[in-house]
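Report on one structure; see the data block that follows.
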Amino acid sequence: MSTTTDLVVTRIFDAPRELVYRAFVDPDQLAAWFGPVGFSVPRDSVDIEAKVGGHQRFTMVSDADPAQASPIDATFTEVVENELLVGEQDISAVSSVEGAVMRLRVEFHDEPGGKTRLVLTQGPYAPEIEPMAREGWASSFTKLDTLLA
2 MSTTTDLVVT RIFDAPRELV YRAFVDPDQL AAWFGPVGFS VPRDSVDIEA
52 KVGGHQRFTM VSDADPAQAS PIDATFTEVV ENELLVGEQD ISAVSSVEGA
102 VMRLRVEFHD EPGGKTRLVL TQGPYAPEIE PMAREGWASS FTKLDTLLA
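Those letters in the sequence shown? Residues 2 to 150, by my numbering.
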């Protein structure tokens, strides 16, 4: 029997909650920061409709080998402007599990001094994959820090 785990990342950003939220739903901003260092998101691949039943579609591409691409096609299941984004993506094509679904929950909380505490929960992950996903988000968030500065 295989076990899975959810990735949970908490990060403080030196920017108001509205600006951090906007970086997730504005196509220009998402293209500017998403993906770990060494990967980019072509702006023309980004399409976001931030509402329940809406979608977030884009392609993350390796800078070193553009043939290495990861398309994202998620559907929003919960959206509370400036507070919460929840989505899911059918990952059957890359999983051995038929009907496998990857879920992503991003919470935006006010912190003192005009900062934002972001709590990201994503999964399920196989335990051996979770550390790579954690590192990928940490690297992406370094790029987001730069965008928000």
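The C-beta atom is built at its ideal place from N, Cα and C for all residues, glycine as well.
| request: Have a look at methionine 2 and alanine 127 and give me their C-alpha separation to the nearest angstrom. | output: In the sequence shown, residue 2 corresponds to position 1, counting from 1. In the sequence shown, residue 127 corresponds to position 126, counting from 1. With a pLDDT of only 47 at methionine 2, under the threshold of 50, the placement of this residue in the model should not be trusted, and no figure is reported.
| query | Where do the ends of the beta strand (DSSP E) carrying serine 63 lie? | reply | As a first step, residue 63 must be located in the sequence shown, where it is residue number 62. Counting along the chain, the beta strand (DSSP E) containing serine 63 begins and ends at 56-63.
| field | Identity of the residue in Asp111, Leu31, Thr4 and Thr5 nearest threonine 147 by Cα | value | As a position in the sequence shown, residue 147 is number 146, starting the count at 1. Ranking the options by Cα distance to threonine 147, first place goes to Leu31.
| query | Where do the N-terminal and C-terminal ends of the alpha helix (DSSP H) with threonine 5 fall, by residue? | reply | Here residue 5 refers to the residue found at position 4 when the sequence shown is read from its first residue. Element bounds for threonine 5: n/a, residue is neither H nor E.
| Proximal residues to alanine 51 (C-beta, below 6 Å), its chain only, five neighbours per side dropped | The residue you call residue 51 lines up with position 50 of the sequence shown. Here alanine 51 has Val26 and Val80 as same chain residues with Cβ atoms under 6 Å from its own Cβ, once five neighbours each way along the sequence are excluded.
| said: Taking the alpha carbon of leucine 149 as the reference point, which residue from Phe35, Thr4, Leu8 and Thr6 has its own alpha carbon closest? | reply: In the sequence shown, counting from the first residue as 1, residue 149 sits at position 148. Nearest option by C-alpha distance: Phe35.
| request: Return the bridge partner residues of arginine 118 from the DSSP annotation. | output: As a working mapping, residue 118 is identified with position 117 in the sequence shown. In the DSSP output, where bridge partners are listed per residue, arginine 118 has Ile13 and His110.
| task | Work out the CA separation of isoleucine 130 and valine 107 for me, nearest whole Å. | result | Numbered from its first residue, the sequence shown carries residue 107 at position 106. Numbered from its first residue, the sequence shown carries residue 130 at position 129. Distance between the alpha carbons of valine 107 and isoleucine 130 is about 20 Å.
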